Amino acid sequence: MINRKILEITPYQPGKPIEEVKRQLGLKEVIKLASNENPLGPSPKAVLAIKKSLTKINRYPEGSCFYLRQRLSKKLKVRPENLIFGNGSDELIDIVIKAFCEPDDEIITADTTFLEYRIIALQNGRAVRCIPLKDFRYDLARIKDRIGPKTKAIFIANPNNPTGTYVTKREVDDFLNGLPENVVAIFDQAYLEFVENKDFPLSLNYFRQGKNVIILRTFSKIYGLAGLRIGYGIAREEFIQYMERARQPFNVNTLAQEAALAALDDTVFIRKAQRAVREGKKYLYGELDRLKINYIPSAANFILIDLKRDGLKIFNKLLKEGVIVRDMQQYGLNNFIRVTIGREKENKKFVAALKKVLS
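Quick note, the sequence shown lines up with residues 13 to 371 if you use this note's numbering.
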């Protein structure tokens, strides 16, 4: 009765919702530092745009995201035809696989990275080869060495989730140089706006050079619109045309389009969020250093912490203290937890709770 291939898939387990933890544990105050969401909430301009658009929801959304497409193309200095929009980056990953990968093609990614690459590939019946990280970073040289005749797509999260590490411009230059013409490299840049490292590659330059690249970005993180599900892709026009054939109509709802359009110009909010993450990360680094707890330096808005003990047990103890972080069992990092950078008060509560459960 069922497609037996579906049994190979372990469903994605998102961070626990605040209300669920309150209900299950009988807690009045709970903070969530689990899903790498914006600590300041949504863009105020986006909230205002949503309120003004509520009376439009009896109509189907604008199918091509026309106004958002025009505005974003000007911001990025690309043609409108170089953009595609999706119900979050997850849908765009699905669209890429449907558009570029035949049933017997192979997809390559890292073994410890955003889980949806593998999950969505398996849902589409495609084979996935997962290459181990090297020092918690994508090993692009090894990935390139493992490209075979059936390889069609390579997914690279940069910065990587859950490690927060990134691959440099030199590494990406070397990787793309001589990449087979029938292979497309997909750079997932969900955390781009938090990066401050000077050797981080500008993926748009590879697109402008005509490389076989697709760049995925999202409104979930820096813009604070995770609950609306909207992301976008940048690629050569011919690639976008292929992907549009795999896109469902009306895939991005009206409120998401209006909110994203408004959030793009909310530079005050964006800078405020970047500053909050920068300062929060510095504070958490200092506290973890004082506690002599190892962590992976992060280019994103979260930190992967090595507890040198069962991370799931610490995760559950933190839950009882009203702090939701992310356990790393599903990633195979059993001694780790991942914590999102929160507001100052939230960061301090996390540190106090961590000290308590480790003592």
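C-beta: ideal position from N, C-alpha, C; glycine also. Since the structure is predicted, the reported quantities are computational estimates derived from the model, not experimental observations.
Around the beta carbon of M255, 16 or more other beta carbons lie within 10 angstroms, which makes this residue buried. Assignment of Y72 by DSSP, reduced to helix, strand and coil, places it in the coil class. DSSP lists I317 as the beta-bridge partner residues of Y307. With a cut-off of 8 Å on Cβ pairs, the region 262–274 is in contact with the region 55–67, counting three or more such pairs. For S310, the CB contacts under 6 Å within the same chain, skipping 5 residues up- and downstream, are G176 in chain order.
DSSP places I131 in the uninterrupted alpha helix (DSSP H) bounded by 128–135. Only residues of its own chain outside the window of five on either side were considered, and among them C77, Y244, V264 have a CB closer than 6 Å to the CB of F97, listed in chain order. For I227 against I252, the beta-carbon gap comes to about 11 Å, at or over 8 Å, which does not count as contact. Residue pairing from DSSP places R229 in a beta bridge opposite Y244. Linking N189 to I30 through their CA atoms gives a straight-line distance of about 46 Å. G354 and R290 have their C-alpha atoms roughly 10 Å apart.
Look at R138 here: in three-state DSSP terms it is coil, with no helix or strand label. With the rule of 3 Cβ pairs closer than 8 Å, the region 282–299 does not count as touching the region 330–341. In this structure, the straight-line span from the alpha carbon of E103 to that of T279 is close to 27 Å.
Exclusion of the five residues before and after K40 leaves no residue of its chain whose Cβ lies closer than 6 Å to its Cβ.
Look at the region 165–244 and you find these whole runs of alpha helix (DSSP H), each 4 residues long or longer: 181–188, 215–220. Here DSSP, grouped into helix, strand and coil, assigns G100 to helix. If you ignore the 5 residues before and after F206, its C-beta comes within less than 6 Å of the C-beta of V289, A312, N313, all in its own chain and listed in chain order. L152 is a Cβ neighbour of E183, given a cutoff of 7 Å. Under the three-state reduction of DSSP output, E118 falls in the strand class. For the set F187, P161, K162, G160, the Cα lying nearest the Cα of I168 is the one of F187. Looking at I159, K304, E358, the one whose alpha-carbon comes closest to that of N194 is I159. Just so you know, the alpha carbons of V59 and G53 end up roughly 10 Å apart. Only residues of its own chain outside the window of five on either side were considered, and among them A122, I168, N172, V179 have a CB closer than 7 Å to the CB of Y150, listed in chain order. The three-state secondary structure of V337, taken from DSSP, is coil. Of the candidates N359, L370, P23, N359 places its Cα closest to the Cα of P51.
Around the CB of G292, 16 or more other CB atoms lie within 10 Å, so the residue is classed as buried.
Counting of Cβ neighbours within 10 angstroms places Y79 among the exposed residues, the total staying below 16.
Just so you know, the alpha carbons of I317 and A364 end up roughly 15 Å apart.
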